[in-house]
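Below is one structure; the comments refer to it alone.
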Amino acid sequence: MFIEDWFEELYQKVARIEEDWATSSTEKQEHLIRQLKQLRTCSDQVIDLWLKYEEKLNEVIRMIKQTSDISVSPKVNLYEEHQKQSEYFDVGEGPEGIEKELQQPLLLSTLLEGDQPQKEKQRELYERAEGFYHLRLYEQAKQHFASFLEQAPDWESGRLYYAYSLYYCLDHELALKEFRVLTRTAVSPKVVSISYNALGCMYVQEQNWLEAMQAFEMALSVRPQYAESMYNLAICFLEQGETEETMKICEQLLEEQDQDWELQVLYLRAVRQLFAQYPQKDIELMLKMYEPNRNLDTPTLWELAMLAEQAGFYQHALSCYQFLLERQPLDAGIWHAVAWNKWLLDGPTQAMPALKKALTLAPEHPDYLFSYGWMQLATGEITSARIAFSKILNATENHHLGLLGLIYAHEGEGAFDQAKDLATTLIEKQDQYSQMLGHYQLGKLSLQQGNQREASQYLEKARAYSDVIPEVNQWWERCKNAEDQVQGNKKTAGISTSTAEW
Numbered sequence: 002m003f004i005e006d007w008f009e010e011l012y013q014k015v016a017r018i019e020e021d022w023a024t025s026s027t028e029k030q031e032h033l034i035r036q037l038k039q040l041r042t043c044s045d046q047v048i049d050l051w052l053k054y055e056e057k058l059n060e061v062i063r064m065i066k067q068t069s070d071i072s073v074s075p076k077v078n079l080y081e082e083h084q085k086q087s088e089y090f091d092v093g094e095g096p097e098g099i100e101k102e103l104q105q106p107l108l109l110s111t112l113l114e115g116d117q118p119q120k121e122k123q124r125e126l127y128e129r130a131e132g133f134y135h136l137r138l139y140e141q142a143k144q145h146f147a148s149f150l151e152q153a154p155d156w157e158s159g160r161l162y163y164a165y166s167l168y169y170c171l172d173h174e175l176a177l178k179e180f181r182v183l184t185r186t187a188v189s190p191k192v193v194s195i196s197y198n199a200l201g202c203m204y205v206q207e208q209n210w211l212e213a214m215q216a217f218e219m220a221l222s223v224r225p226q227y228a229e230s231m232y233n234l235a236i237c238f239l240e241q242g243e244t245e246e247t248m249k250i251c252e253q254l255l256e257e258q259d260q261d262w263e264l265q266v267l268y269l270r271a272v273r274q275l276f277a278q279y280p281q282k283d284i285e286l287m288l289k290m291y292e293p294n295r296n297l298d299t300p301t302l303w304e305l306a307m308l309a310e311q312a313g314f315y316q317h318a319l320s321c322y323q324f325l326l327e328r329q330p331l332d333a334g335i336w337h338a339v340a341w342n343k344w345l346l347d348g349p350t351q352a353m354p355a356l357k358k359a360l361t362l363a364p365e366h367p368d369y370l371f372s373y374g375w376m377q378l379a380t381g382e383i384t385s386a387r388i389a390f391s392k393i394l395n396a397t398e399n400h401h402l403g404l405l406g407l408i409y410a411h412e413g414e415g416a417f418d419q420a421k422d423l424a425t426t427l428i429e430k431q432d433q434y435s436q437m438l439g440h441y442q443l444g445k446l447s448l449q450q451g452n453q454r455e456a457s458q459y460l461e462k463a464r465a466y467s468d469v470i471p472e473v474n475q476w477w478e479r480c481k482n483a484e485d486q487v488q489g490n491k492k493t494a495g496i497s498t499s500t501a502e503w
C-alpha cells in the first residue's frame, strides 16, 4: 500500500467518526471516542517515527558530504516545494470594496533555507524544530526553536522560524516583537524582507492599512522583486482606493505569473472598482485576460465567473461556468448562467438550448422563466413571451421583472391600454424605483400612441432616475423632438392658411 493510500484511509476513518457522531447513541459515541484515541496514538507514533527517520537521513547526508564530492541535498527540494506553497491567512472582515464572502488573502511568505548550525547539539535541535514546523505542529516548533535560540541567539533563520511559529500559535504580540527585531538586526536581505512582509500582514489583520503599506514598501526596498509583498501592497492600494496602482502592480506580476488566479481575481476587482469610478475610460484596453483553467477549485471558478461577468468579459465568464457544469451538470443555476452569457455573446438563438435545460431542471423558477420570456421577445415570439411572464405573475404577484416583461409583451402585440394598466400598478407601489419604472413605461407607451403631452409629463418624473435607466433620456429627447415637430407643423399650417386667404 502506498503511503498516500494509508493516510487517506486514516483520514476516511476520522471523517466517518465525524459523520456518525451526531446520530450515534451514547454507547456508540463511547466506541467512537476509543477509535479516535487510537487514531491520535497512531498519529503521534507517525510523527515520532518521521522525526527519527529525518534525523537519520540528515546524518547520512552530512556523512556523504564530508566524505564525497557528490552533492546530496534533498532538503533544497523540500524548501523549494514549501516556497511554492505560501501560507495564507484571512484578513478578517476585509476592506471596503472587497466582498466579504470571498476575501483576497494576503501572502505570508514561506521561510528560507539557511546554513545548518555547525555544533552537533544545536544542529539536532534545529532540525527537530524545523521538522515540527513543516508538519505544522507549531506549538512544538515554538518550544524547540525557543530552546535553540537560547544556544544560538544570532541565528537568523532560527529566529525567523520562531517568529512564524509564534504567529501560528496566535502569540501575535511576541511574533510582532520577533519580526521587528529581525528587521533591525538581520544581515540577510531575504530575512529582512520576509520579516517586513509578515509585519505588514499582521498590520492588515488589525486593519492598520497605512502601517501595512509602509511595511510592504520596506520589504520591497530591501528586495524590489519580492512577489508576495508586491501582491500584498496591491491589495492595500485597492483598499485605499488607489485602483490604478493596484492594476499596475498586478500587470507587472502577471507578466511573470500569467496563470496566477489569485492575481487575476485581484486584477478583476481593481477593474470593477475603476469602472465604477471612471465609466468613461475604455476598460477593455486595460484588461489582459486569460482563458480560465478547468483545474481551479469550484469557489475560485464561481468568483472569477461573477467578476468577469460584471466587468463585461462574457466569454471569460462563460468558460468558467462551462467548467463548473462539468462538475455540477444538474445545477439549473449554472445552466442559466451559461445561457445568459451565451445570449450576451451570440444572441438568444444560441442561448436557448442552455436555458431550456435550466427550465427542465427548475420549471417554475421565476428568474429562468423571465430570461426565457425576454429571449422570446428578442426573437419576436411575443405570444410565448407573454405566456412566460404571465406564468411568473400567477405564482408571484409582485415580481417586478415579470410585470415589466408582460408590459413589453403587450406593447409588442399593440395592446397599449393593457400595457398602460400594468404600468399604472407600478406607480401605485410604495417604493420609488417601482414608481420610476411605471412613469417611464407610461411615458414611452403614451408617446407611441401619439400623446406627446401625456408622455412628457410621465417622462419628466422618470428623468430623476436616468442614471439608473439611461434610456429614459433617449425617450425624453424623442418626446421633445415630437413636440417641436408638432409645433412647427402648426406654425407652417397657419402661414399657409393665411396666404390662401390673400
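Numbering-wise (the numbering used here), the sequence shown opens with residue 2 and increments by one. Glycine included, C-beta positions come from ideal geometry on N, C-alpha and C. Keep in mind it's a predicted model, so treat the numbers as computed, not measured.
**Request:** Measure the Cβ-Cβ separation of K343 and A333 and say whether it is below 8 Å.
**Result:** No.
**Message:** Need the endpoints of the alpha helix (DSSP H) that S194 sits in, please.
**Reply:** Note, S194: alpha helix (DSSP H), 190-206.
**Item:** Helix, strand or coil at P367 [DSSP, three-state]
**Value:** In the three-state reduction of the DSSP assignment, P367 falls in the helix class, which pools H, G and I.
**Request:** Determine the contact status of T247 and A235, defining contact as a CB-CB distance below 8 Å.
**Result:** Result yes, Cβ atoms of T247 and A235 sit closer than 8 Å.
**Residue environment, C251, which counts as buried when at least 16 other CB atoms sit within 10 Å** = Label assigned to C251: buried.
**Prompt:** Are L427 and Q436 close, meaning C-beta to C-beta below 8 Å?
**Reply:** Going by C-beta atoms, L427 is nearer than 8 Å to Q436.
**Item:** Best match in D155, E9, V193, M203 for proximity to D172 [C-alpha to C-alpha]
**Value:** Out of D155, E9, V193, M203, M203 has the C-alpha closest to the C-alpha of D172.
**Prompt:** What three-state label does DSSP hand R137 in the structure shown?
**Reply:** Shown here, R137 sits in coil according to DSSP, grouped into three states, outside any helix or strand.
**Item:** Secondary structure of D418, DSSP reduced to three states
**Value:** Here D418 sits in helix by DSSP.
**Asked** Any chance the segment 378-385 sits against the segment 355-368, with 3 or more Cβ pairs inside 8 Å?
**Response** With a cut-off of 8 Å on Cβ pairs, the segment 378-385 is not in contact with the segment 355-368, counting fewer than three such pairs.
**Request:** Measure the C-alpha to C-alpha separation of W15 and E131 and round it to an integer number of angstroms.
**Result:** Trp is not the amino acid found at residue 15; the sequence shown has Val there. Distance between the alpha carbons of V15 and E131: 27 Å.
**Message:** On the criterion of 16 or more Cβ atoms from any shown chain inside 10 Å, does H32 qualify as buried, or is it exposed?
**Reply:** Around the beta carbon of H32, fewer than 16 other beta carbons sit within 10 angstroms, so the residue counts as exposed.
**Asked** What residues in its chain sit with their C-beta under 6 Å from that of E20, if we drop five residues either side in the sequence?
**Response** Excluding positions up to five away in sequence, the list is empty.
**Item:** Assigned secondary structure, S26 (DSSP; H/G/I helix, E/B strand, else coil)
**Value:** Note: S26 maps to coil in three-state DSSP.
**Message:** Output needed for A424: all residues of its chain with C-beta closer than 6 Å, excluding positions within five of it in sequence on either side, in chain order.
**Reply:** Only residues of its own chain outside the window of five on either side were considered, and among them I408, G439, Q442, L443 have a CB closer than 6 Å to the CB of A424, listed in chain order.
**Item:** C237: first and last residue of the uninterrupted alpha helix (DSSP H) it sits in
**Value:** Unbroken alpha helix (DSSP H) run through C237: 228-240.
**Prompt:** Relative to the C-alpha of P300, which residue among A312, Y315, Q311, Y322 is closest?
**Reply:** Per the Cα distances, Y322.
**Prompt:** Mapping DSSP to helix, strand and coil, what is G451?
**Reply:** In this structure, G451 counts as coil in the three-state DSSP scheme.
**Item:** Between the CA atoms of A396 and Y386 - distance to the nearest angstrom
**Value:** The amino acid at residue 386 is misidentified as Tyr; the sequence shows Ala. The C-alpha of A386 lies about 16 Å from the C-alpha of A396.
**Request:** State the DSSP-derived secondary structure class of W476, mapped to helix, strand or coil.
**Result:** In the structure shown, W476 sits in a helix (DSSP, three-state: H, G or I).
**Asked** Quick one, are the C-beta atoms of V266 and L308 less than 8 Å apart?
**Response** Yes, the Cβ-Cβ distance between V266 and L308 is below 8 Å.
**Message:** Does the structure place the segment 206-214 close enough to the segment 186-195 that three or more beta carbon pairs sit under 8 Å?
**Reply:** Taking a cut-off of 8 Å on C-beta distances, the segment 186-195 does not touch the segment 206-214, as fewer than three cross pairs fall below it.
**Length of the line joining the Cα atoms of Q36 and E140** = Rounded to whole angstroms, Q36 to E140 spans 25 Å at the Cα level.
**Asked** So is the beta-carbon of K191 under 7 Å away from any non-hydrogen atom of the ligand ZN?
**Response** Of the ligands one can find in the structure shown there are none, so the ligand ZN has no counterpart to examine.
**Item:** Euclidean distance between Cα positions of L126 and S148
**Value:** Answer to the nearest angstrom: the Cα atoms are 8 Å apart.
**Prompt:** In whole angstroms, what is the alpha-carbon distance linking Q206 and L11?
**Reply:** Each residue's CA atom was taken as its position, placing Q206 and L11 some 35 Å apart.
**Asked** Near W477, which residues of its chain fall below 7 Å by C-beta distance, leaving aside the five closest residues on each side in sequence?
**Response** So the qualifying residues of the chain are L460, R464.
**Request:** Please look up how many angstroms separate the CB atoms of G403 and F371, rounded, as I've assumed it's under 8 Å.
**Result:** G403 to F371, Cβ: 6 Å. Contact.
**Asked** Nearest CA to the CA of D368: which residue from G348, L394, P354?
**Response** Considering only alpha carbons, the answer is L394.
**Prompt:** Going along the chain, which residues of its own chain have a beta-carbon closer than 6 Å to the beta-carbon of A338, five neighbours each way excluded?
**Reply:** The answer, listed in chain order, is Y322.
**Request:** Starting from I250, trace the alpha helix (DSSP H) both ways and give me its first and last residue.
**Result:** That run of the alpha helix (DSSP H) goes 244-257.
**Prompt:** In terms of residues, what are the limits of the alpha helix (DSSP H) holding E218?
**Reply:** Start and end: 210-223.
**Pairwise C-alpha distance: S230 and Q152** = Counting only the Cα atoms, S230 lies some 32 Å from Q152.
**Message:** Suppose the cutoff is 6 Å on Cβ atoms and the five residues either side in sequence are ignored; what does the same chain contact list for Y168 look like?
**Reply:** Within the same chain, A176 come within 6 Å of Y168 by CB-CB distance, once the 5 residues on both sides are set aside.
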